[in-house]
Amino acid sequence: MTKDQLQNYYYNRCTPQQALEVEQWISAIQDESRDEALLMEILNEINVDKDDRLVNRAFEKFEKAVHLHEYDKGEKPSVLRRFGEWYRIAAAVLLIPILLSSLYFYTETTNPKEWVEEYVPYGQSKMVCLPDSSKLWLNAGTKLIYPKKFNNSLRQVYVAGEAYAEVTKDKSRPFVLSAGEVTVEVLGTKFNVKSYSEDSHIAVSLMEGSVRMNAFYKGESKTKLLKPGEIVRYSKSTGELQKSDFIVATRKLWYNSKGFYFMDESLSEIAVALERYFDVRINIENESLKKERFYSMFVNNESLDEILSALNANEKMIIERKANMIYIK
Numbered sequence: 475m476t477k478d479q480l481q482n483y484y485y486n487r488c489t490p491q492q493a494l495e496v497e498q499w500i501s502a503i504q505d506e507s508r509d510e511a512l513l514m515e516i517l518n519e520i521n522v523d524k525d526d527r528l529v530n531r532a533f534e535k536f537e538k539a540v541h542l543h544e545y546d547k548g549e550k551p552s553v554l555r556r557f558g559e560w561y562r563i564a565a566a567v568l569l570i571p572i573l574l575s576s577l578y579f580y581t582e583t584t585n586p587k588e589w590v591e592e593y594v595p596y597g598q599s600k601m602v603c604l605p606d607s608s609k610l611w612l613n614a615g616t617k618l619i620y621p622k623k624f625n626n627s628l629r630q631v632y633v634a635g636e637a638y639a640e641v642t643k644d645k646s647r648p649f650v651l652s653a654g655e656v657t658v659e660v661l662g663t664k665f666n667v668k669s670y671s672e673d674s675h676i677a678v679s680l681m682e683g684s685v686r687m688n689a690f691y692k693g694e695s696k697t698k699l700l701k702p703g704e705i706v707r708y709s710k711s712t713g714e715l716q717k718s719d720f721i722v723a724t725r726k727l728w729y730n731s732k733g734f735y736f737m738d739e740s741l742s743e744i745a746v747a748l749e750r751y752f753d754v755r756i757n758i759e760n761e762s763l764k765k766e767r768f769y770s771m772f773v774n775n776e777s778l779d780e781i782l783s784a785l786n787a788n789e790k791m792i793i794e795r796k797a798n799m800i801y802i803k
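Positions in the sequence shown are counted from 1; adding 474 to them yields my numbering.
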């Protein structure tokens with residue numbers, strides 16, 4: 475196992491098969507083994523802070539999501555037991571970013587229900603039809619887990635990344651989409667959720683119908699009801715929910731138009747979105763440029779070079795491209 479493999483796992487940049495290999499390696503680690511020493515070394519190199527509030531919150535989310543009843547008995551779950559005092563950090567750093575996979579493997583061992591996992595690599599997108607005929611369009615770098623058959627009371631799916639959903643109406647079975655610290659509850663509607671592990675916020679925007687958005691922060695829950703044309707952003711660092719408006723009729727969606735909508739987003743945030751879509755790496759060397767904010771719309775299948783050129787209309791940036799590496803100074 476290498477540092478690059480674990481970092482790719484952490485940033486959700488690996489295939490399901492690669493993720494499985496990492497998880498199997500973690501679960502096989504023995505106390506005081508060479509592998510455990512390697513894991514600790516890699517965690518240090520990734521600059522994990524044992525006192526980081528994000529780590530603590532992530533682990534709490536992990537415990538809650540997979541219902542680790544062993545803690546009620548004073549025991550640590552088997553996979554984490556092997557990490558000693560680092561097990562909390564290891565779980566948060568390595569397991570939470572693809573909590574969906576962890577939930578999938580845990581559920582498979584405790585529940586006969588069959589689950590389906592979909593992963594969309596960078597530079598691609600995909601439409602998935604769910605068992606109830608609801609449709610989800612998955613953006614680049616997105617992971618989806620859902621049961622082969624929904625039960626009689628609930629339609630539950632898990633998303634890490636960005637997905638646009640058109641949910642089939644079923645009053646007897648609410649549709650619940652879980653995305654990190656946020657859940658979205660609906661009966662039948664059209665909405666978009668953006669929840670990448672490396673992003674600073676989670677955003678839910680509503681096009682049609684109504685949804686209830688629940689956000690969890692430090693053990694507390696906050697709720698927002700959305701109407702069509704509203705978007706709510708949840709801050710992972712503060713737990714705050716901010717609601718704003720957009721015009722549904724004039725906004726083409728990414729899944730349909732292959733477009734980009736940057737509404738008061740920093741260049742750093744924009745770079746991440748472009749990396750996912752075009753499968754490139756963007757390095758912004760100027761710290762002040764990272765904080766520059768933009769209101770931009772690209773809906774005509776613009777190329778990466780065209781988008782970067784438009785963002786640099788005031789010529790503040792020096793842009794250099796070498797194959798799939800882009801340097802902004």
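All C-beta atoms, glycine included, are put in the ideal place defined by N, C-alpha and C.
Handout entry: Nearest-angstrom Cβ-Cβ length linking Leu663 and Leu680, presumed shorter than 8 Å
Key = First, the amino acid is wrong: residue 663 is Thr here, not Leu. The pair is a contact, with the Cβ atoms about 7 Å apart (cut-off 8 Å).
Problem - C-beta atoms of Glu636 and Pro648 nearer than 8 Å - result: no
Problem - Sub-8 Å separation of Leu763 and Ile756 beta-carbons - result: no
Handout entry: beta strand (DSSP E) runs contained entirely in the region 639-711, provided each spans 3 or more residues
Key = 649-653, 656-660, 664-669, 675-682, 685-691, 694-700 and 704-709
Practice task
Evaluate contact between the region 619-629 and the region 593-601, counting only Cβ atoms and requiring at least three cross-stretch pairs below 8 Å.
Solution key: For the pair of segments examined, the region 619-629 was found not to touch the region 593-601: the number of CB pairs separated by less than 8 Å stays below three.
Handout entry: Segment contact flag, the region 700-718 with the region 672-679, C-beta cutoff 8 Å, min 3 pairs
Key = With three or more CB-CB distances shorter than 8 Å, the region 700-718 counts as touching the region 672-679.
Handout entry: Classification of Glu704 by the beta-carbon crowding that lies within 10 angstroms, buried from 16 upward
Key = buried
Practice task
Answer yes or no: do Glu743 and Lys803 have a C-beta to C-beta separation smaller than 8 Å?
Solution key: no
Exercise for the section: Throw me the rounded Cβ distance for the Tyr735 and Met771 pair, which I believe falls under 8 Å. Expected result: The pair is a contact, with the Cβ atoms about 6 Å apart (cut-off 8 Å).
Problem - N-terminal and C-terminal residue of the alpha helix (DSSP H) that Ser461 is part of - result: The structure shown has nothing for residue 461, since the chain only spans 475 to 803.
Problem - Lys696 versus Leu785: straight-line alpha-carbon distance, rounded - result: Straight-line Cα distance between these residues: approximately 36 Å.
Problem - Cα-Cα separation between Asn798 and Val754, rounded to whole angstroms - result: The straight-line gap from Cα to Cα measures roughly 5 Å.
Practice task
Could you have a look at Lys538 and say whether DSSP puts it in helix, strand or coil?
Solution key: Here Lys538 scores only 45 on pLDDT, less than 50, and its place in the model should not be relied on; the value that follows carries that caveat. Lys538: helix per DSSP, three-state reduction.
Problem - Other residues of its chain near Met737: CB distance less than 7 Å, five sequence neighbours each side excluded - result: Around Met737: Tyr769.
Problem - As assigned by DSSP and simplified to three states, the class of Gln598 - result: Reduced to three states, the DSSP call for Gln598 is coil.
Problem - Between the CA atoms of Thr616 and Leu604 - distance to the nearest angstrom - result: If I take the Cα positions, the gap works out to 16 Å.
Practice task
Report all residues from its chain with a CB closer than 7 Å to the CB of Lys645; omit the five preceding and five following residues, and keep chain order.
Solution key: Excluding residues within five positions, the ones whose Cβ falls inside 7 Å are Leu661.
Practice task
Please check if any C-beta of chain B sits within less than 8 Å of the C-beta of Val496.
Solution key: Absence of chain B from the displayed structure is noted, only one protein chain being present.
Problem - Inter-residue spacing [alpha-carbon to alpha-carbon] between Thr583 and Gln630 - result: Interpretation of Thr583 is limited by its pLDDT of 44, a score under 50 that renders its predicted location unreliable; no figure is taken from the coordinates.
Exercise for the section: Please classify Leu612: does DSSP put it in a helix, a strand, or coil? Expected result: It is a strand residue.
Problem - Under the three-state DSSP convention, the category Val838 falls into - result: Here the chain has residues from 475 to 803 only, and residue 838 is not among them.
Handout entry: Environment of Ser669 [buried if 16+ CB atoms lie within 10 Å]
Key = buried
Problem - Chain-order list of residues whose beta-carbon lies under 6 Å from that of Ile792 (same chain, five-residue window excluded) - result: Residues Lys803 of the same chain have their beta carbon placed closer than 6 Å to that of Ile792, with the five preceding and five following residues left out of the count.
Handout entry: Collapsed DSSP secondary structure at Leu628 in the structure displayed
Key = coil
Exercise for the section: Enumerate in chain order the residues of its own chain whose CB-to-CB distance from Cys745 is below 7 Å, with the five nearest sequence positions on each side excluded. Expected result: A quick correction: the sequence has Ala, not Cys, at residue 745. Taken in chain order, the residues that qualify are Ile756 and Ile758.
Exercise for the section: Quickly, what does DSSP pair Pro621 with across the bridge? List them, please. Expected result: Trp589
Handout entry: Length of the line joining the Cα atoms of Lys796 and Asp478
Key = 21 Å
Practice task
Name, in chain order, the residues that DSSP records as bridge partners for Glu794.
Solution key: Residue pairing of Glu794 in beta bridges, as defined by DSSP: Tyr801.
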